[in-house]
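Asks: Each residue of the sequence shown is one higher than the one before, starting from 1 at the first, in the working numbering. By construction, the Cβ of each residue, glycine as well, lies at the ideal position given by its N, Cα and C atoms. Please read all numbers here as calculations on a predicted model, not as lab measurements.
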Amino acid sequence: MLEVALVHPQIPWNTGNVGRTCVATQTKLHLVKPLGFDLDDKKMKRAGLDYWPNLDLQVHANLEDFQNYLEQNNRRPILFSRFATQSYLDFDYTNKDVLIFGSETKGLPDEFKQQHPTLLANIPTPGQVRSLNLSTSMAIALFEARRQIT
Numbered sequence: 001m002l003e004v005a006l007v008h009p010q011i012p013w014n015t016g017n018v019g020r021t022c023v024a025t026q027t028k029l030h031l032v033k034p035l036g037f038d039l040d041d042k043k044m045k046r047a048g049l050d051y052w053p054n055l056d057l058q059v060h061a062n063l064e065d066f067q068n069y070l071e072q073n074n075r076r077p078i079l080f081s082r083f084a085t086q087s088y089l090d091f092d093y094t095n096k097d098v099l100i101f102g103s104e105t106k107g108l109p110d111e112f113k114q115q116h117p118t119l120l121a122n123i124p125t126p127g128q129v130r131s132l133n134l135s136t137s138m139a140i141a142l143f144e145a146r147r148q149i150t
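#1: Looking at C-alpha atoms only, which residue of Thr136, Thr118, His116 is the closest neighbour of Thr125?
#2: Using 8 Å as the cut-off, can you tell me whether the stretch 103–111 makes contact with the stretch 139–147, which would need three or more C-beta pairs spanning the two stretches below that distance?
#3: Rounding to the nearest angstrom, what Cα-Cα distance links Lys96 and Phe66 in this structure?
#4: Would you tell me roughly how many angstroms separate the C-alpha atoms of Ile100 and Asp50, rounded to the nearest one?
#5: Using a Cβ-Cβ cutoff of less than 6 Å, which residues in the same chain neighbour Asp56 once the five nearest sequence positions on both sides are dropped?
#6: Count the CB pairs spanning the stretch 33–43 and the stretch 70–79 that are closer than 8 Å, and state whether there are at least three.
#7: Taking the C-alpha atoms as reference points, what is the distance between Asn122 and Arg130?
#8: Let's see if you can read the secondary structure: which residues bound the beta strand (DSSP E) around Leu29?
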């Protein structure tokens, strides 16, 4: 099954919204520390509503721990970045993919992106915004990947 990861998320209600979408789609969510909030944050729980206890959640101590998870479980990382040149629509998604998103303020760490240069995806935004909200971007990517797989 597809999985989603947030690397160093900063805004609790974005993570709550991502968690709710993951529960709705039965998608595992990975959170990679450091986080910009406590997991018991009221804003995050409010955004996730009462679905949070149903979330398949794995928290990783750091990026290295998460990368070990990817390797040990034969998972393909698809990294989302507003700086990527390849559209998310150009990928052929599989059940072994993990859709990975960076923090709202800094995106994904450069060294992580450099390790996976052919797996960088962009959600085109032709309007006058730099990027979409994290939870919106995750939902767009997740539902496209699910559409292709099912």
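Replies: In this structure, then:
#1: Considering only alpha carbons, the answer is Thr136.
#2: No contact exists between the stretch 103–111 and the stretch 139–147.
#3: Using only the alpha carbons, I get a separation of about 15 Å.
#4: If I take the Cα positions, the gap works out to 24 Å.
#5: Taken in chain order, the residues that qualify are Lys28.
#6: These segments do not touch.
#7: One C-alpha to the other measures close to 12 Å.
#8: Counting along the chain, the beta strand (DSSP E) containing Leu29 begins and ends at 28–32.
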